[in-house]
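Count along the sequence shown from 1, then add 112; that gives the number in the working numbering. Report on one structure; see the data block that follows.
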Amino acid sequence: LAQRTGYPYAVPLTGALLTIVVIVFCELAPKIYAAANPEGVALHAAGIYRVLVLVARPALWLTNSVARGFLRLFGVARATAGPHALSAEELRLVVTEAAPVIPARHRQMLLSILDLERITVNDIMIPRQEISGIDVRESWEDILDQLQQTPHTRLPVYEGELDNLIGLVHMKRVAHELVRGTLTRERLIEVARGREAYFVPEGTALNVQLVQFQRNRRRLAFVVNEYGDIEGLVTLEDILEEIVGEFTSDPATVTHKDVHTERPGVFIVNASATIRALNRALGWQLPTGGPKTVNGLLLEQLETIPDSGTMVRVGNYEFEVLQVGDNAVRTVRVRVPAAPKAVLPVSRAP
113 LAQRTGYPYA VPLTGALLTI VVIVFCELAP KIYAAANPEG VALHAAGIYR VLVLVARPAL
173 WLTNSVARGF LRLFGVARAT AGPHALSAEE LRLVVTEAAP VIPARHRQML LSILDLERIT
233 VNDIMIPRQE ISGIDVRESW EDILDQLQQT PHTRLPVYEG ELDNLIGLVH MKRVAHELVR
293 GTLTRERLIE VARGREAYFV PEGTALNVQL VQFQRNRRRL AFVVNEYGDI EGLVTLEDIL
353 EEIVGEFTSD PATVTHKDVH TERPGVFIVN ASATIRALNR ALGWQLPTGG PKTVNGLLLE
413 QLETIPDSGT MVRVGNYEFE VLQVGDNAVR TVRVRVPAAP KAVLPVSRAP
């Protein structure tokens with residue numbers, strides 16, 4: 113062609129034009145058309161693909177068998193997963209890229225389901241100090257007052273301390289006993305012993321615990337450490353809220369109890385609140401790879417129990433300790449910047 117035309121760049125120019133034609137008309141245009149009209153293209157192409165698969169099946173079987181036999185000589189085992197199996201990360205990427213097809217709410221739920229295997233009961237449990245329960249050693253008047261005012265449907269019953277757990281009581285059963293006038297301290301203990309507590313080890317993944325709740329027909333479980341001590345309480349509702357978000361007006365949720373807006377960008381936070389709950393409720397980006405609560409995060413940063421008024425900066429968030437008690441931070445003031453800034457080192461007030 114270069115000799116006929118006398119144009120020395122005819123060959124590379126022709127190659128470039130053919131490449132553009134192939135990419136546009138054989139790759140991009142068909143894909144765009146198929147994406148715009150998936151059902152019509154699939155119905156028309158299904159018959160052609162079926163014939164091609166039937167014709168090529170013997171050749172595919174032969175080539176695959178030869179390849180597997182060759183690899184077997186080198187000790188390479190055959191993959192147990194199917195050829196079209198996706199890893200969790202690949203599936204997460206597929207869901208993320210399906211934004212135009214899947215509504216944002218549904219997409220977030222799917223991603224939350226995939227995240228269950230990476231989240232443990234320790235991340236969402238109610239800490240031991242926050243567990244509401246009935247101590248049978250207290251006065252009967254205090255017990256009755258607690259039973260009548262509790263917002264919970266189930267309460268643990270223990271003797272002296274939570275590790276001496278007797279069992280659980282359902283408030284519906286307690287209400288029936290109160291109406292009949294048959295509820296006594298001994299009767300309360302008897303009812304609690306009729307429903308034994310359910311324990312799970314710390315570090316259990318949420319996808320595993322969800323199956324265990326379903327299999328054992330339970331709605332709550334006590335999280336215990338390697339020594340058998342109770343660390344916290346996890347409920348079926350907590351796991352479901354990891355998938356669908358907050359769906360109740362429970363006063364114990366983070367947006368009602370643990371966070372109060374002082375002014376725009378400034379919040380008063382209960383330091384026992386979990387970091388995951390704050391991030392989900394307020395859209396913050398506090399680190400979740402270490403401590404589970406705000407108190408734990410501050411103690412890790414400061415490496416000491418701070419005094420009231422201590423200031424510490426974690427990333428773009430500035431924390432001011434307001435209240436300290438029982439060797440733990442109780443309340444903090446959090447200042448959230450209006451715009452993201454560079455991550456700054458931890459600092460303390462004198």
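For each residue, glycine too, the CB sits at the ideal point set by N, CA and C.
- Between V233 and L332, the CB-CB gap reaches or exceeds 9 Å.
- Annotated three-state conformation of P170 is helix, per DSSP.
- Contact annotation, S420 with L434: C-beta distance approximately 6 Å; criterion of less than 8 Å satisfied.
- Taken through DSSP and simplified to helix, strand or coil, N276 comes out as strand.
- Following the DSSP letters along the chain, one finds M423 inside the beta strand (DSSP E) bounded by residues M423 to V426.
- The alpha-carbon of V371 is positioned some 18 Å away from that of E353.
- In the structure shown, L398 adopts coil according to DSSP, grouped into three states.
- Here P268 carries a strand assignment [DSSP, helix/strand/coil].
- The region 194 to 251 contains no complete beta strand (DSSP E) run of 3 or more residues.
- C-alpha of V303 to C-alpha of H282: approximately 9 Å in a straight line.
- Nearest Cα to A309 within the set T416, V406 and G245: G245.
- The beta carbon of N407 sits closer than 7 Å to those of A383, S384, A440 and V441, all from its chain and outside the five residues before and after it, given in chain order.
- For F334, the uninterrupted beta strand (DSSP E) segment begins and ends at L332 to V336.
- Contact annotation: L228 and L164 have beta-carbon atoms that are not nearer than 9 Å.
- Apart from sequence neighbours up to five positions away, the residues of its chain that approach Y145 with a beta-carbon distance below 8 Å are V153, ordered along the chain.
- By the Cβ criterion, the region 333 to 353 is not in contact with the region 206 to 218, since fewer than three pairs of Cβ atoms, one from each stretch, lie closer than 8 Å.
- In this structure, DSSP gives I342 an extended state, which the three-state scheme calls strand.
- By the Cβ neighbour-count rule, P150 is exposed, with fewer than 16 other Cβ atoms within 10 Å of its own.
- Every unbroken stretch of the alpha helix (DSSP H) spanning 4 or more residues and falling wholly within the region 283 to 334 is given here in chain order: 283 to 292, 297 to 305 and 318 to 328.
- When secondary structure is reduced to three states using DSSP, T126 falls in the helix class.
- Less than 9 Å divides the Cβ of T386 from the Cβ of I236.
- With contacts defined as CB atoms closer than 9 Å, F325 and I355 fail to qualify as a contacting pair.
- With fewer than 16 other CB atoms across the displayed protein chains lying within 10 angstroms of its CB, A141 is exposed.
- For the pair G279 and F186, the Cα-to-Cα distance works out to about 59 Å.
- With a threshold of 16 other beta carbon atoms within 10 Å, Y429 meets it and is buried.
- Taken atom to atom, the span from the alpha-carbon of E242 to that of D275 is near 14 Å.
- In the three-state DSSP reduction, I417 falls in the coil class, being neither helix nor strand.
- For the pair I238 and V269, the CB atoms are not nearer than the 9 Å cut-off.
- Counting the other Cβ atoms within 10 Å of the Cβ of P418 gives 16 or more, which makes it buried.
- Using a 10 angstroms sphere on the CB of T405, the tally of other CB atoms reaches 16 or more, which defines it as buried.
- With distances taken between CA atoms, V213 lies nearest to A147 out of A147, P449, L295 and T131.
- Around the C-beta of V444, 16 or more other C-beta atoms lie within 10 Å, and the residue is accordingly described as buried.
- Minimum Cα-Cα distance from F334 among the listed residues Q258, R266 and E412 corresponds to R266.
- DSSP, read as helix, strand or coil, puts N407 in helix.
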